[in-house]
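Note sheet for the following structure.
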DNA sequence: TGCCCTTATGTAAACCTTTACATCGCGAGT
DNA sequence: ACTCGCGATGTAAAGGTTTACATAAGGGCA
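Protein chains in written order, with the working numbering: chain A, 48 to 390; chain B, 48 to 390.
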């Protein structure tokens, strides 16, 4: 019992007085073994405290029970709650989750590919298509994979994301309802599909409200706090100022708020500001940020479920799963300031 | 080359025209193999793209090349940068990092113990002694382990942390230097050793400055934002008010700041506030929070180095490694308001 | 009764490595 | 010339599983 070495299947077999094959069957295909034997085996397992050696099992089966999650940045506030969803779902199906952290470094990513090549993971979850899959040959050896937020590359990999167009649309509708017309969009010009879609939602919403193109003030940034602040500076040298700043994500929104405060303006009485993502800090900004909440845990859950399906069926049920984002109304939006509208 | 199944050591041996044993030796103990042979083997490896199958290797060796990191909360802002340190150090020694996420759930923790029992991890990194190791028997089977921030249990496990006493001392010294005498300490009454030490640093610092015990306003909380806010409320029904709030962590400090602002006070002109940890948000609070920075990446690096040492030597060099924390001065501290001192 | 089919179990090979031990060849010392 | 020793390599076992195949037992049917 308090042996130094863990019990093996052989120990169980000896105690249950059956062969190791029967033990294995009793565990994995219980219907193929007589009830009485199954009972004996279960008792023996309880006595020995046997746990099947995952290494030996994986070696024999040619695949492991680990799922590799590759993310560029673990510190990303989006990441941890998605991970919770991924993990819970995986565990309930007997899989473990391994986290790979590329820190946006191609070298790192490559090492994870080697890791995959040695069969150490049965499946792959990718955040935002960051792997530098230069060689087509590599692609061939990739295990079943699922993307998060975006499709990964040439369409082969299904993904789970959020309906960014709808999310952005909800923001626009709120601002319009409050009476705003001149709404600036502080975007992210990098290639992420999600950001393009948020921009699309902005346009669709303003189209629906009949706001003409010349009132749409677009500033491209890169999703960072700094780029939000810079966008404010650029807008203030213009003739027309917006009454609201709709930002592509919460970081940018924070930058915008800092920029506006620095210039002595109050939010939301002088300008309204909105974000996207609902990062944990959003509650604590002053004023608390009105934004779009990503159903993060749910995204993780769905992504893992999809992957597990892939692992058993080989075919994904869907190539794209888009979840519905929710508008979280806090205190950073109000009606347009008379100061600007009466000008 | 673009075979569907990965190359094995046998493929390499065939191409290099040597035995598999020689290939294995060429990889792991190159000095035991003739230079000419080594060359042939390396070529063959390059041709086949061989990667050693980690599963088979681990099975044979009886231990894996994975380190399990068990943490109660991955979303904790402290966690991710520590992880970076852990990971980098591990990788550079051929180990991978596996993350276990207990979400403070005993059931979870137990599953990870089972995982360890099946030899799936060579070592263990524990955050804040959260595993419910009820059964002594379990302890016996634990692989080499290292704690982060705190010793784990009955002294058997070395740990890497930060000198909390010194950190707290630096805060006190700063406040004293600014002229404060009535400094409240908003603590955390839960059992974490780190919190006790911060309190100790507070006392030591005030002793050194000759501040009598009756001026030390202690409020116990639980480290949350809410408990910071509640502490402010409690202090305001008292006779004596402090001129500065020294908080056990940044969350609490944020709560205190919110509480004070709600009552209409300005920070730092009315009251000074300090935190501890330097979480990412600390920069963006208004005013930006003066706090103690944890050398997070370094903590991770040291912890992993210690664990690797344990894995090879069996004996830890030290049972306790305390790193030096740095005072980060921002804008939440000023001289005591005349409003209170002249009363 | 004898034969066949089904159901339950056992035997042994395979998964891929590492490494103790055996073997081989060769130069040096007597 | 023979032996000894040493360095380089090969052979084979072991690590814990899973599973195809073989075997055994038992029941039904002719």
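Glycine is no exception: its CB is placed at the ideal position from the N, C-alpha and C atoms.
Only a predicted model underlies this, so the values are computations on that prediction, with no experimental measurement involved.
Exercise. Please list the segments of the alpha helix (DSSP H) lying wholly inside the region 67 to 130 of chain B, counting only runs of 4 or more residues, in order along the chain.
Key: 67 to 75, 82 to 95 and 101 to 108
_Please list, in chain order, the chain A residues whose beta carbon lies closer than 8 Å to that of residue 128 of chain B._
122
Check: Looking at the unbroken alpha helix (DSSP H) that takes in residue 391 of chain B, where does it start and where does it end?
Finding: This structure cannot speak to residue 391 of chain B, because chain B is shown only from 48 to 390.
Exercise. May I have the straight-line CA-CA distance separating residue 372 of chain A from residue 256 of chain A, to the nearest angstrom?
Key: 21 Å
- Item | Proximal chain A residues relative to residue 348 of chain B, where beta-carbon distance stays under 8 Å | The contacting residues do not exist; residue 348 of chain B stays about 14 Å from chain A at best.
Exercise for the section: Starting from residue 332 of chain A, follow its DSSP beta bridges and name the residues at the other end. Expected result: Per DSSP, none; premise fails for residue 332 of chain A.
**Report entry** Segment limits, alpha helix (DSSP H) that includes residue 212 of chain A
**Finding:** 211 to 224
DSSP beta-bridge partners for residue 170 of chain A? A:114
Does the region 343 to 361 of chain A come within contact of the region 122 to 141 of chain A, defined as at least 3 CB pairs closer than 8 Å? yes
### Task
Note the first and the last residue of the continuous beta strand (DSSP E) segment covering residue 253 of chain A.
Element bounds for residue 253 of chain A: not the beta strand (DSSP E) but the alpha helix (DSSP H), 240 to 256.
Inset, instruction - Taking only runs that begin and end inside the region 254 to 322 of chain B, name each unbroken beta strand (DSSP E) of 3 or more residues, in chain order. - result: 264 to 268, 291 to 294 and 319 to 321
Separation of residue 203 of chain B from residue 198 of chain A, as counted between CA atoms
48 Å
Check: How long is the line joining the alpha carbons of residue 216 of chain B and residue 252 of chain B, rounded to whole angstroms?
Finding: 5 Å
Exercise. Below 9 Å between beta carbons is the criterion; list the residues of the region 144 to 155 of chain B that meet it against any residue of chain A, in chain order.
Key: 144, 145, 146, 147, 148, 150 and 155
For this session: State the CB to CB distance for the pair residue 300 of chain B and residue 322 of chain B, rounded to an integer number of angstroms; the pair is presumed to be in contact (CB under 8 Å).
Result: 3 Å
**Message:** Looking at the strands, I want to know which residues DSSP matches up with residue 337 of chain B.
**Reply:** B:321
Practice item. Would you mind reading off the limits of the beta strand (DSSP E) that contains residue 367 of chain B? Key: 367 to 370
- From the beta carbon of residue 102 of chain B, is the nearest beta carbon of chain A less than 8 Å away? yes
Taking residue 147 of chain A as the reference, which of A:137, A:174 and A:141 has the closest Cα?
-> A:174
With a threshold of 8 Å between beta carbons, is residue 271 of chain A in contact with chain B? no
For residue 242 of chain A versus residue 295 of chain A, is the C-beta distance shorter than 8 Å?
yes
- Give the secondary structure of residue 230 of chain B by DSSP, where H, G and I count as helix, E and B as strand, and everything else as coil. strand
(message) With H, G and I counted as helix, E and B as strand and the rest as coil, what does DSSP make of residue 132 of chain A?
(response) helix
Identity of the residue in B:170, B:369 and B:287 nearest residue 117 of chain B by Cα: B:170
Task: 9 Å Cβ cut-off: residues of chain A touching residue 53 of chain B - done: 164, 165, 166 and 188
Problem set entry | In DSSP terms, what residue 207 of chain A is bridged to | A:195 and A:368
Practice task
Compute the Euclidean distance between the alpha carbons of residue 79 of chain B and residue 164 of chain A, then round it to the nearest angstrom.
Solution key: 28 Å
ask   = Among A:167, A:98, A:107 and A:210, which has the Cα closest to the Cα of residue 158 of chain B?
value = A:98
Residues near residue 350 of chain B in its chain [Cβ-Cβ closer than 7 Å; skip 5 each side] | 133, 172, 193, 195 and 207
Indicate whether at least one CB of chain B lies closer than 8 Å to the CB of residue 328 of chain A. yes
8 Å is my cut-off, CB to CB: does residue 181 of chain A come that close to chain B?
Below a pLDDT of 50, predicted positions are generally treated as unreliable, and residue 181 of chain A, at 45, falls in that range; the measurement from the model is reported next regardless. Output row for residue 181 of chain A: interface = no.
Discussion item. Would residue 205 of chain A and residue 367 of chain A qualify as a contact pair, given that the criterion is a beta-carbon distance under 8 Å?
Written reply: yes
Exercise for review: Given a cut-off of 8 Å, decide if residue 292 of chain A and residue 320 of chain A are closer than it, judged by their beta-carbon atoms.
Suggested key: yes
### Candidates B:144, B:55, B:123 and B:94: closest to residue 113 of chain A by CA position
B:144
Exercise. Which residues mark the beginning and the end of the alpha helix (DSSP H) in which residue 148 of chain A is found?
Worked result: Per DSSP, residue 148 of chain A belongs to no alpha helix (DSSP H); it is in the beta strand (DSSP E), 143 to 148.
Exercise for review: Classify residue 189 of chain B as helix, strand or coil using the three-state DSSP reduction.
Suggested key: coil
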